[in-house]
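Visitor: Below is the structure I would like to discuss, written out as structure tokens.
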Amino acid sequence: MIPHEYVQEVVRRNDITDVVSQYVQLRRRGRTCTGLCPFHNEKTPSFVVYPETQSFYCFGCGAGGDVITFVRKISNLGYVEAVKQLASRAGMPLPEEEDQESRQRSRLLEINRCAARYFFEQLNAQTPEANAARGYWRQKRGLSDAAIRRFGLGYAPDSFTGLLHYFKRRGFSEPELESSGLVKRSAKGNLYDIFRHRVMVPIIDVRGNIIAFGGRVLDDSKPKYINSPETMVYKKSRTLFALNVAKKSPSKRYILCEGYMDVISMHEAGFDTAVCACGTALTAEQVKLLSEYADEVVLSYDSDEAGQKATERSLGLFANSPVRVTVLSIPGAKDPDEFIKKYGRERFEAILNGTANPTEFALAKLRRQFDLKSDDGRLEYIRRAIDILAENASPTARDVYAGRIAEETGVSKTAVLNQLQTAQRGAARKAYRKQQREMAGQGIAASIRVPYDKGGDAALGAASAGRQLVAAMLKNPDTIPYIRQHLTLDDLVLPEMQQAARAIWQLADAGQPVNLTSIGPLVDEGVVPQLSMVLAQNIDLTPARRDIDMYLERIRQARPKSTRAGKTSDDEYRRLFDSIRKEKTSAGKNGEAPE
46 MIPHEYVQEV VRRNDITDVV SQYVQLRRRG RTCTGLCPFH NEKTPSFVVY PETQSFYCFG
106 CGAGGDVITF VRKISNLGYV EAVKQLASRA GMPLPEEEDQ ESRQRSRLLE INRCAARYFF
166 EQLNAQTPEA NAARGYWRQK RGLSDAAIRR FGLGYAPDSF TGLLHYFKRR GFSEPELESS
226 GLVKRSAKGN LYDIFRHRVM VPIIDVRGNI IAFGGRVLDD SKPKYINSPE TMVYKKSRTL
286 FALNVAKKSP SKRYILCEGY MDVISMHEAG FDTAVCACGT ALTAEQVKLL SEYADEVVLS
346 YDSDEAGQKA TERSLGLFAN SPVRVTVLSI PGAKDPDEFI KKYGRERFEA ILNGTANPTE
406 FALAKLRRQF DLKSDDGRLE YIRRAIDILA ENASPTARDV YAGRIAEETG VSKTAVLNQL
466 QTAQRGAARK AYRKQQREMA GQGIAASIRV PYDKGGDAAL GAASAGRQLV AAMLKNPDTI
526 PYIRQHLTLD DLVLPEMQQA ARAIWQLADA GQPVNLTSIG PLVDEGVVPQ LSMVLAQNID
586 LTPARRDIDM YLERIRQARP KSTRAGKTSD DEYRRLFDSI RKEKTSAGKN GEAPE
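Residue numbers (our numbering): 46 to 640.
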């Protein structure tokens, strides 16, 4: 592993505010900085950076940690890779020591490179199967040999062990192969190839690493597509297909398509900024990644119902993105590939330059749902169109579209604007109530989830007290000996806080700094965000001795009396025993169950 002191120095030289500012537009508010969270879609900033503790926390999605955690999450890196990236940023010499995680990632990437080579070789083999696969790419998809090479397209033969034997001849172990997602173990315990008799598409990240594969049947049999599962190197929610090619284009207008085949066809037609989401639907992380390269994004989904729903959902994800978003309408074809084949590249470029903005798209779709010749149709169209303008449009756009709605329906523009003002006030009240609900859920006790077997109000109070004691130790390590003297790990109700306290005490015993950076490697992945939340909730609080004593007493009172008896002196034990006996006698008379 990388030496502890080296990691601490890397973090010291990479101020978290500077690093986060490369990805998030931050606004300073007193002692903190806030911005829109890069890990989920939101309209109101709930992502906060705390320079004092060199930590971040999102009150919306719960993401949190130190600068290493942020880089790992934003760039989909392992721990060692994130440390090395930060070290390079700070101009520090890279650590020579390799750790197990880095070796595993390197081996996995090597397996994927070998697989891509195998699939490409099989595509060019002199067999009837390979000839059919070449026909699929060349004739059915209309791809040139140059496009096939550029995207590394291939073919997986109809064999259960072809790829498996190819790997074994190159010295890869069975556990390594299973972790790749390219082979699977049967119920009888035998390994076999997952991709069989399919044309293959390698998925390559922005750094040029082959991280996964997609496979399609040559006909219309089911399942039509099979994709690699997520692995150590592949997180589909953070990956965009063909971004490694598109980022080389001088154009900053990107075309977001529905699938791999659409993207490849678009590139073949000369539109070299086409990309698509990996996975079933676009994610906030993919939107964030795309916004790092694009100034404008054109949504180019299929014209069927599923494609239109995907367009609506994607518009919502782009609502807070800095990029300009437009929607492509494809007349006379179900997708871009079909349109280009029917009408040619020039006509596709013409409709690409005439794309609609999100408001136009929403209003056009709404208009098709109503008969504007009837009074009921016009009234309902106006009502729902006004709701769209009240929530999403700028003041200028509202004025323009109010005039257009008036023309379409024969109602005066003044009447439309008056109704729009009423709707705006309602939308503002709705947004305020939502904000108040979100704020109510951000209190110190709001996020506590007490384990089922430790339920009850007393346990909730003890859980809250335990978190505050962990916060005290994090904020002021001088309190560690006193708290440790009066607290056991079993006293902490929440398992995450037990892990945190154990790590804090371990670091204190070793004379090492107590902070999120040093705690991270000693606890489960979900503990660090919890600690970030604890620090965020206590940013303006520094517990004094009387506060610590109050938390310790709250925990002591929450213990069952029978448990407390084992931790008392003889005199205290006799007094406690008399108390328990009296309570049991009283409870028995009243027909209650004793504690």
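Don't be surprised by glycine CBs; every beta carbon is placed ideally from N, CA and C.
1. Would you be able to state if there are at least three C-beta pairs under 8 angstroms between the stretch 275 to 295 and the stretch 308 to 325?
2. So the candidates are L222, P220, Y237; which of them puts its Cα closest to the Cα of G207?
3. Where does R215 sit, in a helix, a strand or coil, going by DSSP?
4. Go ahead and pull the three-state DSSP assignment for S345.
5. Write down every uninterrupted run of the beta strand (DSSP E) in the stretch 192 to 262 whose length is 3 residues or greater and which is fully enclosed by it, in chain order.
6. Counting C-beta neighbours from all protein chains within 10 Å, is the total for Y497 16 or more, i.e. buried, or is it exposed?
7. Does the contact criterion of 3 or more C-beta pairs under 8 angstroms hold for the stretch 154 to 164 versus the stretch 209 to 223?
8. Quick check: the Cα distance between A516 and E341, rounded to an integer number of angstroms?
9. Whose C-beta lies closer than 7 angstroms to the C-beta of G304 among residues of the same chain, with five residues either side of it excluded?
10. Could you tell me the alpha carbon to alpha carbon distance between R449 and V65, rounded to whole angstroms?
11. How would you label P138, buried or exposed, when you count the other beta carbons within 10 angstroms and need 16 or more for buried?
12. Are the beta-carbon atoms of F415 and V372 separated by less than 8 angstroms?
13. Does the beta-carbon of D594 have 16 or more other beta-carbons within 10 angstroms, so that it is buried, or is it exposed?
14. Am I right that V559 and G565 are in contact with their C-beta atoms under 8 angstroms? What's the rounded C-beta distance?
15. So, I309 versus A192, is the Cβ gap smaller than 8 angstroms?
16. Within 10 Å of its beta-carbon, does T533 have 16 or more other beta-carbons around it, so buried, or fewer, so exposed?
17. Taking DSSP as the reference, what is the three-state secondary structure of A287?
18. Do you know offhand how far L168's Cα is from W182's?
19. Is DSSP giving D316 helix, strand or coil here?
20. Around the C-beta of L597, are 16 or more other C-beta atoms found within 10 angstroms, so that it is buried, or is it exposed?
21. Which residue comes first and which comes last in the beta strand (DSSP E) that contains L301?
22. From G259 to N121, what distance separates their C-alpha atoms?
23. Measure the alpha-carbon distance for I300 versus M306 and round it to whole angstroms.
24. Are there 16 or more other CB atoms within 10 angstroms of the CB of Q67, so buried, or fewer, so exposed?
25. Provide the residue span of the alpha helix (DSSP H) that contains C159, from first to last.
26. Check whether the stretch 521 to 540 touches the stretch 76 to 96, taking contact to mean three or more Cβ pairs, one atom from each stretch, closer than 8 angstroms.
27. Cutting at 7 angstroms between CB atoms, please list the residues of its own chain near K281, excluding the five before and the five after it.
28. With distances taken from CA atoms, which of A468, R392, E453 is nearest R428?
29. In whole angstroms, give me the CA-to-CA distance for S194 and E166.
30. Anyone know if the C-beta pair for L131 and V94 falls short of 8 angstroms?
31. Please state the DSSP three-state secondary structure of F101.
32. For E617, is the classification buried or exposed, using 16 other Cβ atoms within 10 angstroms of its Cβ as the cut-off for buried?
Guide: Let me spell this out:
1. Three or more pairs of CB atoms, one per stretch, sit closer than 8 angstroms, so the stretch 308 to 325 contacts the stretch 275 to 295.
2. Y237
3. Looking at R215 - three-state DSSP - the assignment turns out to be coil, as it is neither helix nor strand.
4. Strand, per DSSP.
5. Annotation: the stretch 192 to 262 contains the following complete segments of the beta strand (DSSP E) (minimum length 3 residues), in chain order: 199 to 201, 228 to 230, 236 to 238, 243 to 249, 255 to 261.
6. Per-residue confidence for Y497 stands at a pLDDT of 40, beneath the threshold of 50, marking its modelled position as unreliable; the derived number appears in the next sentence. Under this definition Y497 is an exposed residue.
7. yes
8. Going by the C-alpha atoms only, they are around 44 angstroms apart.
9. C321
10. Those two C-alpha atoms are separated by around 43 angstroms.
11. By the neighbour-count definition (other C-beta atoms within 10 Å, threshold 16), P138 is an exposed residue.
12. no
13. exposed
14. Actually they do not touch by this definition, with Cβ atoms about 12 angstroms apart.
15. yes
16. exposed
17. For A287, the three-state secondary structure derived from DSSP is coil.
18. 10 angstroms
19. A quick correction: the sequence has Phe, not Asp, at residue 316. Of the three classes helix, strand and coil, the one that applies to F316 here is coil, per DSSP.
20. buried
21. 298 to 302
22. 20 angstroms
23. 14 angstroms
24. exposed
25. That run of the alpha helix (DSSP H) goes 145 to 168.
26. no
27. These residues qualify, in order along the chain: E275, C323, G324.
28. A468
29. In the sequence as presented, Ser is not what sits at residue 194; that position holds Arg. If you draw a straight line from the Cα of R194 to the Cα of E166, it is about 11 angstroms long.
30. no
31. strand
32. Residue placement at E617 cannot be trusted, given a pLDDT of 49 that sits under 50; the coordinates are not used to answer.
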